[in-house]
Amino acid sequence: MAGTAGLAGCFDSSGQTTEDGGTEDGTDGGTNTESGAGLADDTLDYPAGRPATDVQFNRYSLGNYAHTLQDQLFEEVARGYADGTVRPDLLDDMSVDGRTLTLTFPEGFKWWNGDDLTAEDYYIGLEIDRLQSPEQSPIESNTLVDDYTIERTFKTAVSPNLMKANVAETFVNTPRSIYREYLTRYEEASNESERESVTSDLLDMSITTQQLIDEGLGNALYRVTGFNSSETVLEKFEDHPYASRTDIPKVRIIPETTADVESLSVNDQLDMNPDVLMSESQQSRYPDNIENVYRLNWFRTQKFTFNFKNEHIARLPVRRAIVNAVDFESMVAAMRQAGTVGAPAENQTALRSTIHEEYLGEDFVDQLIDYPVGKDLDAATQLLEDAGYTKENGTWVDPDGESFTFTVLTQNNNTQVQATKVFNDQLNAFGLQTEISTVSSTDYYQRLQTYEADIFWIWHVAKALWHPTAYFSNNFYGIEVGDPSSGNETGPTGKPFTTTIPSEVGATEISGSGKEIQPAQLMNDLPNSESAEQVKERTRDLVQWFNYALPDFVFVEEDSGYWGDTQDFSMPTGDDYELNTNRPGEFSFKNGWISSNSQ
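For the sequence shown, position 437 (counting from the first letter as 1) is numbered 437 according to full-length UniProt numbering, and the numbering increases by one without interruption.
Structural data, given as structure tokens:
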């Protein structure tokens, strides 16, 4: 419906664009922003994710998995909310009895191909996850009680909120018609080698966007009917229980990784951005009919991760010097110009500050090492000099008089590039030589996991929860240390499995024997804590480790929400629906709460 934006071409019955606007394989075509031809006034346009031509929908093959499009096309089981609770989304009910979590599914939901959506579609994914590594899984069993009930039993006692968090932000995206054969093979596998063979085949399997259309493998309110490299087109699925809530029959998703979203927004060619707020600079440029509809203190933060395999980064004084040598506000200001809404991180706790009080307490945070938000070059200089580094002709050299350069890896999205450039420039100005390696969003995570850079940018949250488990997860979205059962002393980025921190919270040096901890094991244990008190105890140990050892550093806390065309559409503001959850605009859209204002 937005402005003069038009579809790239018409779509044939298979969903691909025809030669009027692209190629039959759906890999060409573009957005006609001149004439608006082909765009009906009954279409909601918004940006999200990557082109549908570049992704696939087998969730176990993560290299090119359609993470963002998944959110639009599959029902979500449960959600985390900003008050720390986890509540049903698709589910009718979640109940806990001892070590068992019972999930009750509603009747009436269908796949786009007409099959009933049942508990089995979700159960199959749960069981594949468990049977891939049954010894390491915290789950004792998943039981399909009937068509609409699953009982999920944990091996040990786990606090009820963590049991619910275990399934939060997961989707019914393992249709039984596709995945049942793999589950059967896992069930028949008698040893690890046979399980690995099944896993290998599962990883090689791909579900293309065209297959998703042809076999009706989605289940959300809007189904995909066409796509090319410039857009994904959806129509309302009339058999969905929420179909009567909204009068919007069509949707067009513009790939935010390849389109010029800013220009489209300025020229009134988008109707909403489902999980983004307008920054102050954007508000002066966007049309008057575009407004921030709902604002949220988001869970998400961003960070730079240190690779301890670099001999200099492995030295704590060097990591501390880097944090002291950069001004977080300047980094965040550059991101604001690129559209991010957020503020510099005030404390190096790894947690979003909005959950400090609940899981740490104000007194605990006040005791921690206080790193500057603005740069402190005197402190940075003193740290390097105490470690034996000297400056020659304005450049730092190591204790042996050798020069060195840090490689900084970042994604090519504008906000990340701008923050990294400021970070890089400030380190260079201080005399620490760096070079930026910028990778496209399509290839970034694959490149990141080679761990060849010395410092790399990454989001800092593993799950859409306002909870320590979202930040202290043993992977690159949390703080990756590695597999503590590997038999090695360190993980893929050289972070040790066993380390020592001061006995006293906030001490900058270890006196006496200190306190020995195992960060990777603590992070693996955290989601299986038996009580709220154990969650706090483990979180405080991890926060003290993060604050003392700086395995990463967090530089921005983001705010979220969504903006939209409030002239042409009725969009919930939070007054009628509880929106203090991840991607509130998308949440509203998927529930049918957005309608047109046409009379």
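Cβ coordinates follow ideal geometry from the N, Cα and C atoms, glycine included.
Since we're looking at a predicted model, the values are computed, not measured.
Notebook entry, point to check: If we call anything under 7 Å between Cβ atoms a contact, is R352 one with E557?
Noted result: Going by C-beta atoms, R352 is nearer than 7 Å to E557.
If you draw a straight line from the C-alpha of A165 to the C-alpha of S403, how long is it? Per the coordinates, the alpha-carbon of A165 lies some 48 Å from the alpha-carbon of S403.
Evaluate V145 with the Cβ neighbour count: other Cβ atoms within 10 Å of its Cβ, from every protein chain shown; 16 or more gives buried, anything less gives exposed.
Only exposed fits V145, as fewer than 16 other CB atoms lie within 10 angstroms of its CB.
Should the stretch 262 to 276 be regarded as contacting the stretch 423 to 437, the criterion being three or more beta carbon pairs within less than 8 Å?
-> Fewer than three Cβ pairs drawn from the stretch 262 to 276 and the stretch 423 to 437 lie within less than 8 Å of each other, which leaves the two stretches out of contact.
ask   = Where does the unbroken beta strand (DSSP E) through Y123 begin, and where does it stop?
value = It is not in any beta strand (DSSP E) - Y123 instead sits in the alpha helix (DSSP H) that spans A119 to Q132.
* State whether the stretch 437 to 456 contacts the stretch 327 to 335, with contact taken as three or more CB pairs (one from each stretch) at a distance under 8 Å. => Short answer: they don't touch.
- prompt: Considering only the beta carbon of each residue, do T420 and W457 sit closer than 7 Å?
  reply: Result yes, Cβ atoms of T420 and W457 sit closer than 7 Å.
Report yes or no: do the stretch 334 to 348 and the stretch 357 to 376 share at least 3 C-beta pairs separated by less than 8 Å? Enough Cβ pairs lie closer than 8 Å, so yes.
(request) Return the chain-ordered ranges of every alpha helix (DSSP H) run that is complete within the stretch 302 to 370 and spans a minimum of 4 residues. (result) DSSP assignment within the stretch 302 to 370 yields the following whole alpha helix (DSSP H) runs of 4 residues or more, N-terminal first: 316 to 325, 328 to 337, 356 to 359 and 362 to 367.
Should L383 and P484 be called a contact, given that it needs their Cβ atoms to be closer than 7 Å?
Taking 7 Å as the Cβ cut-off, L383 and P484 do not qualify as a contacting pair.
Q.
So, for N494: in the same chain, excluding its five sequence neighbours on each side, which residues have a beta-carbon less than 7 Å away from its beta-carbon?
A. A small correction: the amino acid at residue 494 is Gly; Asn does not occupy that position in the sequence shown. Taken in chain order, the residues that qualify are N307, F308, K309 and A314.
Going by DSSP, what residue range makes up the beta strand (DSSP E) through E537? No beta strand (DSSP E) contains E537, which is instead part of the alpha helix (DSSP H) from A532 to A549.
### Nearest residue (CA-CA) to N58, options N219, I178, V461 and A48
It is I178.
Item checked: Residue closest to S133, alpha-carbon to alpha-carbon, out of E192, G226 and F406 -> Ranking the options by Cα distance to S133, first place goes to E192.
key: Neighbourhood of R336 by C-beta distance below 8 Å, restricted to the same chain and skipping five residues each side   = So the list reads S279, E280, S281 and G342, once near-sequence residues are dropped.
Do P47 and V261 have their C-beta atoms within less than 7 Å of each other?
Yes, Cβ-Cβ distance for P47 and V261 is below 7 Å.
> Do the stretch 230 to 245 and the stretch 573 to 581 meet, that is, are 3 or more Cβ pairs less than 8 Å apart?
Replying inline: Not touching, per the Cβ criterion.
Checklist entry - Where do the N-terminal and C-terminal ends of the alpha helix (DSSP H) with N412 fall, by residue? => result Per DSSP, N412 belongs to no alpha helix (DSSP H) and is neither H nor E.
(request) Rounded to whole angstroms, what's the CA-CA distance from I290 to D45? Just pull it up for me. (result) Going from the Cα of I290 to the Cα of D45 covers about 13 Å.
### Task
Below 6 Å CB to CB, which residues in the same chain sit around T174 once its five sequence neighbours on both sides are set aside?
Excluding positions up to five away in sequence, the list reads I124 and G125.
Under 7 Å between C-beta atoms of A82 and W466
In this structure, W466 lies closer than 7 Å to A82 by Cβ.
Next on the checklist: Just to confirm my understanding: we take G394, look at its own chain, exclude 5 residues before and 5 after, and list those with CB closer than 7 Å. What are they?
Outcome noted: Excluding residues within five positions, the ones whose Cβ falls inside 7 Å are G431.
Which of helix, strand or coil DSSP assigns to T450: The DSSP-derived three-state label of T450 is coil.
Check: Residue ranges of each alpha helix (DSSP H) run of no fewer than 4 residues wholly in the stretch 131 to 196, ordered along the chain?
Finding: With a minimum length of 4 residues, the continuous alpha helix (DSSP H) runs that stay inside the stretch 131 to 196 are 160 to 165 and 176 to 188.
### Selected residue, minimal CA-CA separation from D559, among T354, E516 and L409
Put simply, of T354, E516 and L409 the residue whose alpha carbon is nearest the alpha carbon of D559 is T354.
Can you list, in chain order, the stretches of the alpha helix (DSSP H) that have 4 or more residues and sit fully within the stretch 206 to 250?
Secondary structure in the stretch 206 to 250: the alpha helix (DSSP H) runs of 4 residues or longer, each lying completely within the stretch, are 209 to 214 in chain order.
Checklist line | Boundaries (first-last residue) of the alpha helix (DSSP H) holding residue 602 | finding: Here the chain covers residues 1 to 599 and nothing more, so residue 602 does not appear.
| field | T31 - DSSP class collapsed to helix/strand/coil | value | Only weak support exists for where T31 lies, its pLDDT of 36 falling under 50; the value from the coordinates is given anyway. The answer is coil: DSSP assigns T31 none of H, G, I, E or B.
For this session: Sort out for me which residues DSSP pairs I479 with in a bridge.
Result: According to DSSP, which records beta bridges pairwise, I479 is partnered with nothing at all.
To the nearest angstrom, how far is the alpha carbon of Q518 from that of T499?
Within the model, the alpha-carbon separation for Q518 versus T499 is close to 6 Å.
Exercise. Taking C-beta to C-beta, are L69 and G98 nearer than 7 Å?
Worked result: L69 places its beta carbon 7 Å or farther from that of G98.
**OP:** Give a yes or no on whether the C-beta atoms belonging to D268 and P255 are separated by under 7 Å.
**Re:** Not in contact: D268 and P255 (Cβ atoms no closer than 7 Å).
key: Identified DSSP bridge partners for W457   = For W457, the pairing in a beta bridge is given by DSSP as F304.
Quiz item: Can the beta-carbon of F546 be found closer than 7 Å to that of A259?
Solution: One thing to note: F546 has its Cβ no nearer than 7 Å to the Cβ of A259.
| request: Count the other CB atoms, across all protein chains shown, that sit within 10 Å of the CB of E586; report buried if there are 16 or more and exposed otherwise. | output: With 16 or more Cβ atoms within 10 Å of its Cβ, E586 is classed as buried.
For G401, is the classification buried or exposed, using 16 other Cβ atoms within 10 angstroms of its Cβ as the cut-off for buried?
Label assigned to G401: exposed.
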